[in-house]
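> Submitted below is the structure of interest, expressed as structure tokens.
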Amino acid sequence: MQEVLESGISGKTRLCGLIGNPVGHTLSPLIHNTLAQLTGTDLVYVPLQVEDEDSLGEAVRGAYDLNLFGINVTVPYKSAVIPFLRDIDPSAEKIGAVNTLVRVDGGYKGYNTDCSGIGSALNANGICFPADQTYGRNGLIRTDTVVMIGAGGAAKAACYMCGEKGVRKLIILNRTVEHAARLAETVQKDFPSMAVSSMPLSKAPEIRENGFLAIQCTKAGLAPEVNETPVADRAFFQKAAAVYDVIYNPEETLFLRLARQEGTPGWCGLDMLLQQGISAFTLWTDITPGEEQVEKVREHLWTTLY
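For the sequence shown, the working numbering gives the first residue as 9, with consecutive numbering after it.
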């Protein structure tokens with residue numbers, strides 16, 4: 009019988025990792041190694057820095073040759089990695105970015121779990137959309153209108169989540185309105201039944217809708233720039249039914265604090281981080297962690313961060 013080291017690593021242990029630059033700050037090893045321990049999965053997850061885009065293709069091919077079981081991809085390579093994939097999930101192809109690679113014959117298939125991750129995070133906090141089975145239940149925040157702040161990669165994944173969740177109206181705000189308009193046009197083509205429009209971020213106070221969900225997808229407020237916020241208008245927060253900030257460091261951004269001061273509930277991006285990781289873990293292992301296991305990972309993340 010093969011001797012197993014005290015660490016639990018043996019000759020049969022599968023290796024997963026994260027490629028990006030930088031990767032020193034990542035919490036993904038905490039998520040996946042904890043999930044592996046809780047589910048009894050013989051898997052180890054490590055960060056793997058790729059210095060520049062010119063090395064990306066070699067890194068992906070090398071990972072396959074070294075028998076890596078699965079890979080996460082983070083900035084700045086979520087789009088750049090696509091040409092080096094064997095296959096890509098249709099949803100990820102539409103978004104134009106992948107963050108999870110699953111080993112298949114001859115290479116890797118790319119998925120985007122950011123999209124499902126933010127939807128699961130919002131559902132976990134009591135927010136539901138027309139396509140959710142819980143939409144008609146009492147005690148939940150129900151909305152069919154979303155105001156998206158930002159037009160980058162995170163915003164694009166969140167916009168596609170809105171389309172898949174049956175959101176009826178989506179308004180994209182961005183400082184550079186041309187970027188917002190371009191994203192709105194792309195999303196509208198893929199979800200023709202959803203009314204998609206764009207506005208300059210400076211026009212946020214002029215939004216007429218009430219009861220919308222605002223999703224903050226810019227870097228404004230990310231530590232150490234904790235005194236920044238993309239929107240400061242009190243009326244904006246008074247009209248919102250809820251707000252979600254994809255930033256999780258700090259736990260309460262200025263954007264969230266301003267919302268809460270107006271009595272509007274809001275949450276940070278910790279659950280999005282967790283849920284996209286759980287989706288990736290399930291894609292690799294076919295194991296869906298139970299609620300107690302998910303909560304243990306969340307507690308571990310919370311105590312590590314805050």
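All C-beta atoms, glycine included, are put in the ideal place defined by N, C-alpha and C.
Small disclaimer: the values here were computed from a predicted structure and weren't measured.
#1: Candidates T261, P213, Q246 and A240: which alpha carbon is nearest E233's?
#2: Mind pulling the beta strand (DSSP E) runs of 3 or more residues that sit fully within the segment 204-282?
#3: Looking at P55: is its Cβ nearer than 7 Å to the Cβ of T42?
#4: So, helix, strand or coil for P91, using DSSP?
#5: Mind pulling the alpha helix (DSSP H) runs of 4 or more residues that sit fully within the segment 63-121?
#6: Helix, strand or coil for R150? Go by DSSP, reduced to three states.
#7: Roughly how many whole angstroms lie between the Cα atoms of T226 and D62?
#8: Which residues in the same chain as A192 place their Cβ atom closer than 7 Å to its Cβ, once the five residues preceding and following it in sequence are excluded?
#9: Cα separation between D253 and A67?
#10: To the nearest angstrom, how far is it from the Cα of N107 to the Cα of G285?
#11: Going along the chain, which unbroken runs of the beta strand (DSSP E) with 3 or more residues stay wholly within the segment 127-199?
#12: Excluding the 5 residues flanking D122 on each side, which residues of the same chain have their C-beta closer than 6 Å to its C-beta?
#13: Under a three-way DSSP split, which group does I17 fall into?
#14: Alpha carbon to alpha carbon, how far is Y72 from E11? Give it in angstroms, no decimals.
#15: In chain order, what residues of the same chain have a beta carbon less than 8 Å from the beta carbon of E14, not counting five sequence neighbours either side?
#16: One question on the structure: do C24 and G78 come within less than 7 Å of each other, judged by their Cβ atoms?
#17: Cutting at 8 Å between CB atoms, please list the residues of its own chain near T21, excluding the five before and the five after it.
#18: How would you label K211, buried or exposed, when you count the other beta carbons within 10 angstroms and need 16 or more for buried?
#19: Using the C-alpha atoms, what's the distance from L209 back to D294?
#20: If I measure Cβ to Cβ from E259 and keep anything under 8 Å in the same chain, skipping five residues before and after, which residues do I get?
#21: Return the residue from the list A132, Y256, C167 and M169 that minimises the CA-CA distance to E303.
#22: What's the gap between the Cα of I17 and the Cα of L282?
#23: With a threshold of 8 Å on Cβ separation, who are the neighbours of L148 within its own chain once the five nearest residues in sequence on each side are excluded?
#24: In chain order, what residues of the same chain have a beta carbon less than 8 Å from the beta carbon of K247, not counting five sequence neighbours either side?
#25: Consult DSSP for L309 and reduce its assignment to one of helix, strand or coil.
On the basis of the coordinates in this document:
#1: Taking the first residue of the sequence shown as position 1, residue 233 is located at position 225. Nearest C-alpha to E233: T261.
#2: 220-224 and 248-253
#3: Position 47 of the sequence shown holds residue 55. Position 34 of the sequence shown holds residue 42. No, they are not a contact pair.
#4: As a working note, residue 91 is residue 83 in the sequence shown. In the structure shown, P91 sits in a helix (DSSP, three-state: H, G or I).
#5: Taken in chain order, the whole alpha helix (DSSP H) runs of length 4 or more contained in the segment 63-121 are 64-73 and 98-103.
#6: Looking up residue 150 in the sequence shown gives position 142. Reduced to three states, the DSSP call for R150 is strand.
#7: To locate residue 226, count along the sequence shown from 1; it is residue 218. To locate residue 62, count along the sequence shown from 1; it is residue 54. Roughly 27 Å between the two C-alpha positions.
#8: One-based indexing of the sequence shown puts residue 192 at position 184. Only I180, V204, S205 and S206 meet the Cβ criterion.
#9: What you label residue 253 is simply residue 245 of the sequence shown in a count that begins at 1. What you label residue 67 is simply residue 59 of the sequence shown in a count that begins at 1. If you take the alpha carbons of D253 and A67, they lie about 32 Å apart.
#10: By one-based count along the sequence shown, residue 107 stands at place 99. By one-based count along the sequence shown, residue 285 stands at place 277. Each residue's alpha carbon lies about 10 Å from the other.
#11: 153-157 and 177-182
#12: On the sequence shown, residue 122 is found 114 positions in, with the first residue counted as 1. Excluding sequence neighbours, D122 sits near N107, A165 and Q284.
#13: Position 9 of the sequence shown, counting from 1, holds the residue named residue 17. Taken through DSSP and simplified to helix, strand or coil, I17 comes out as coil.
#14: Taking the first residue of the sequence shown as 1, we reach residue 11 at position 3. Taking the first residue of the sequence shown as 1, we reach residue 72 at position 64. For E11, the predicted model reports a pLDDT of 41, less than 50, meaning its position is unreliable; a value from the coordinates is still stated below. Taking the straight line from one Cα to the other gives about 26 Å.
#15: Taking the first residue of the sequence shown as 1, we reach residue 14 at position 6. Note that E14 scores a pLDDT of 49, beneath 50, so its modelled location is shaky and nothing firm can be said.
#16: Here the question's residue 24 lines up with position 16 in the sequence shown. Here the question's residue 78 lines up with position 70 in the sequence shown. Taking 7 Å as the Cβ cut-off, C24 and G78 qualify as a contacting pair.
#17: Your numbering for residue 21 matches position 13 in the sequence shown. Correct list, in chain order: D50, L51 and V52.
#18: Position 203 of the sequence shown, counted from the start, is the residue given in the question as residue 211. Result: exposed.
#19: If you number the sequence shown from 1, residue 294 lands on position 286. If you number the sequence shown from 1, residue 209 lands on position 201. In a straight line, the C-alpha of D294 is about 41 Å away from that of L209.
#20: To locate residue 259, count along the sequence shown from 1; it is residue 251. Correct list, in chain order: C276, L278, L313 and Y314.
#21: In the sequence shown, counting from the first residue as 1, residue 303 sits at position 295. It is A132.
#22: Taking the sequence shown and counting its residues from 1, the one referred to as residue 17 is at position 9. Taking the sequence shown and counting its residues from 1, the one referred to as residue 282 is at position 274. Each residue's alpha carbon lies about 24 Å from the other.
#23: Position 140 of the sequence shown, counted from the first residue, corresponds to residue 148. Same-chain partners within the cutoff: G134, I135, C136 and T142.
#24: Reading the sequence shown from its first residue, position 239 is the one you call residue 247. So the list reads I215, E217, N218, G219 and F220, once near-sequence residues are dropped.
#25: Stepping through the sequence shown from its first residue, residue 309 is reached at position 301. Note: L309 maps to helix in three-state DSSP.
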